[in-house]
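These notes concern the structure reproduced below.
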Amino acid sequence: MQCDICFRTGGQGDKKLHFLCAIDARNQLYDGRIQNARVLLENGALSTQITNLFPGDKAQQIGETQQASQSSLEVAAASADKERTVDRTQQIITRADELRAKVELAREDIAKRKATVARRKSDLASASNGVEARRTRQIEEVKKATSMIKHKWNLGHATTASSRTFLCGEAAKLYGLKRGRRNSGSEEYRIGGVRIVDLRSLNTASPAEISTALSHIVHLLMLSTHYLAIRLPAEITLPHRDYPLPTILPIASSYKHTDVPFPGNTPNQSSNTSPTASRHAEAPSNLPHPRPLFIKKPLPLLSTEDPSSYGLFLEGVTLLAYDIAWVCKSQGIPVGDESSFEDICNLGRNLYNLLIGTKPRPSPGSRASSAQSTPTKGGRETDGESDRKNSTFTTMGNFSHGTAHSFLGGAVGTDFIRSWKLPSPTKLTDKLKSKLLSEVANAEWEMLDADAWAVDDEMGDDGVVVGARKEAAERPQNLGMQSFMSMRTVVEAVEMVGGDGERKPGTSGWTKLRK
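Quick note on numbering that gives the first Met the number 0: the sequence shown kicks off at 0 and runs consecutively.
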């Protein structure tokens, strides 16, 4: 037979080939298998002949064979059942042993837990003995420690408030904030030797006097709010680089922009060319318009020639008056009738009462009075009671935005601010504008010609102090407004105004016509 793999014929002839694959091995076995099959067939044929010759023996043999086969089956089935039973029994015994072990472990665990519970009960019983007394004592100790800490905090805050008050008073004295009386008997307030103009009298004041006084007021107010840690409702911008004069922003636009250009300038004119500044520069359309706290012309003339600048200036001085009144209210300083237009517009009186006032100013080393001594057990106050006392009785330097104690941004400070009845700056501006315009209309003013300003002395074209002497021939005309902060300008402005508030002839651009 030929191999299907190696294509060799194997198992034939005398030559025996070696096995190369399974097919060769199979072919090698074919001869033996054929011979075995032939022998079995012959044996079967002989058995059939013998059976046919002896039929009785055949039936007996068949029965014995069947009986033997049935007995073998029964024995095999019984053996299988026995093995299954033994195996099942062994499994049951093993499971029972496991359960017994688990039960023993559970009993041991229960015994341990009972012992733990008993020990805890004993500890609880021993700890519960006198627990109320210990708890009361601990609560008292905590309350006492809290009261002492709060008392020290109050003492520290009182010392801080005294220091703030002292610094504000000293700053006001250094700036020359004084109160005097005119020949007519009315009060007059001066700062740096310049009269502080009441907002209702702006029509009769010179631009130099107004600008200088406002500049001094703004500097002193910002220094005082720095000492008091107060953030004004209307943001004030002091002079700095590329920003020669002070301005003020409306309340809605305050503290929202960082690089606001000077009025009349654009952001591109700023000298700050750093990449960070240019990257964070805001669009000009989104920048607010600061309100000026200075003027270059007499106010009646400004109202005629430039109504827009006139309105912005009035809004600026009104916001400044509102800031001063707001600080006075936050420090417990009365401003008269807080809803009165006249009381709020009196800048000099409100600023003087805030920084100097009539009460003696404590030194920075002074401590709280004996009424603020160490609290005793019967004299403790709750937080609500102390907050209510602070809100009803406010001292200078108490409320601020810089300390957690008496914080103006907290709930108590917010309620305290809501209790005020200050009119809005818009209403104040409208009242001030209507009053000043009505004065101009009723006074029958007439503007002098340019020739009327000629004086025998050599007069300069300083844009701030009218009649200021010329400092240098090469000095640009547009830089005159920047000199009003100098002492020379202040002295000249004071010389132009007499002690009783009357002006010297030739120092005003307006005159009253007699009928």
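Yeah, the Cβ is synthetic: ideal placement off N, Cα and C, and Gly gets one too.
Can you give the Cα-Cα distance for residue i and residue j, rounded to whole angstroms?
i	j	result
residue 93	residue 99	10 angstroms
residue 195	residue 307	24 angstroms
residue 263	residue 290	11 angstroms
residue 425	residue 319	12 angstroms
residue 337	residue 419	8 angstroms
residue 305	residue 169	40 angstroms
residue 116	residue 157	56 angstroms
residue 493	residue 346	Annotation note: pLDDT 39 at residue 493 (below 50); position unreliable, coordinate value reported separately. Distance between the alpha carbons of residue 493 and residue 346 is about 18 angstroms.
residue 463	residue 244	Only weak support is given to the placement of residue 463: the predicted model assigns it a pLDDT of 38, under 50, and the value that follows is read from those uncertain coordinates. Distance between the alpha carbons of residue 463 and residue 244: 12 angstroms.
residue 67	residue 40	25 angstroms
residue 314	residue 349	18 angstroms
residue 91	residue 113	32 angstroms
residue 515	residue 404	Because the chain here runs from 0 to 514, residue 515 falls outside it and cannot be looked at.
residue 410	residue 400	13 angstroms
residue 76	residue 105	43 angstroms
residue 317	residue 141	51 angstroms
residue 286	residue 252	9 angstroms
residue 387	residue 163	Low local confidence applies: a pLDDT of 45 at residue 387 is under 50, so the model's placement there is unreliable, with the coordinate-based value given in what follows. Taking the straight line from one Cα to the other gives about 23 angstroms.
residue 23	residue 38	24 angstroms
residue 69	residue 82	20 angstroms
residue 139	residue 126	20 angstroms
residue 32	residue 42	15 angstroms
residue 129	residue 135	10 angstroms
residue 167	residue 161	10 angstroms
residue 110	residue 124	21 angstroms
residue 184	residue 441	26 angstroms
residue 417	residue 121	59 angstroms
residue 34	residue 25	15 angstroms
residue 144	residue 165	31 angstroms
residue 47	residue 27	32 angstroms
residue 49	residue 72	29 angstroms
Hey, would you say residue i sits closer than 9 angstroms to residue j, going by beta carbons?
i	j	result
residue 330	residue 413	no
residue 431	residue 293	no
residue 249	residue 214	no
residue 396	residue 222	no
residue 206	residue 296	yes
residue 421	residue 321	yes
residue 172	residue 188	no
residue 407	residue 229	yes
residue 402	residue 224	no
residue 310	residue 332	no
residue 434	residue 199	yes
Taking the beta strand (DSSP E) that residue i falls in, what are its first and last residues?
i	result
residue 188	186 to 190
Please list, in chain order, all residues of the same chain as residue i whose beta carbon is under 8 angstroms from its beta carbon, the five residues on each side excluded.
i	result
residue 439	202, 299, 302
residue 279	Caution is warranted here: a pLDDT of 46 is assigned to residue 279, below 50, making its placement in the model unreliable, and the coordinate value is therefore given only provisionally. Correct list, in chain order: 257, 258.
residue 334	324, 327, 328, 342, 343, 349, 352
residue 233	247, 248, 249, 250, 253, 318, 319, 321, 322, 424
residue 354	167, 168, 170, 171, 176, 219, 223
residue 581	Nothing can be reported for residue 581: it is not among the residues displayed for the chain, which extend from 0 to 514.
residue 524	Only positions 0 to 514 of the chain appear in this structure, which leaves residue 524 out of reach.
residue 84	none
Can you give me the Cβ contacts of residue i inside the same chain, cut-off strictly under 6 angstroms, excluding the 5 residues immediately before and after it?
i	result
residue 219	174
residue 312	291, 294
residue 428	313, 314, 317
residue 236	246
Where do the ends of the alpha helix (DSSP H) carrying residue i lie?
i	result
residue 151	130 to 173
residue 31	21 to 52
residue 181	Premise fails: residue 181 is in no alpha helix (DSSP H) and is neither H nor E.
residue 202	No alpha helix (DSSP H) holds residue 202; DSSP gives it neither H nor E.
residue 414	410 to 417
residue 348	346 to 354
9 angstroms is my cut-off, CB to CB: does residue i come that close to chain D?
i	result
residue 175	No chain D appears in the structure shown, which is made up of a single protein chain.
Which runs of the alpha helix (DSSP H) fall wholly inside the segment 276 to 339 and span at least 4 residues, in chain order?
Runs found: 298 to 304, 306 to 329.
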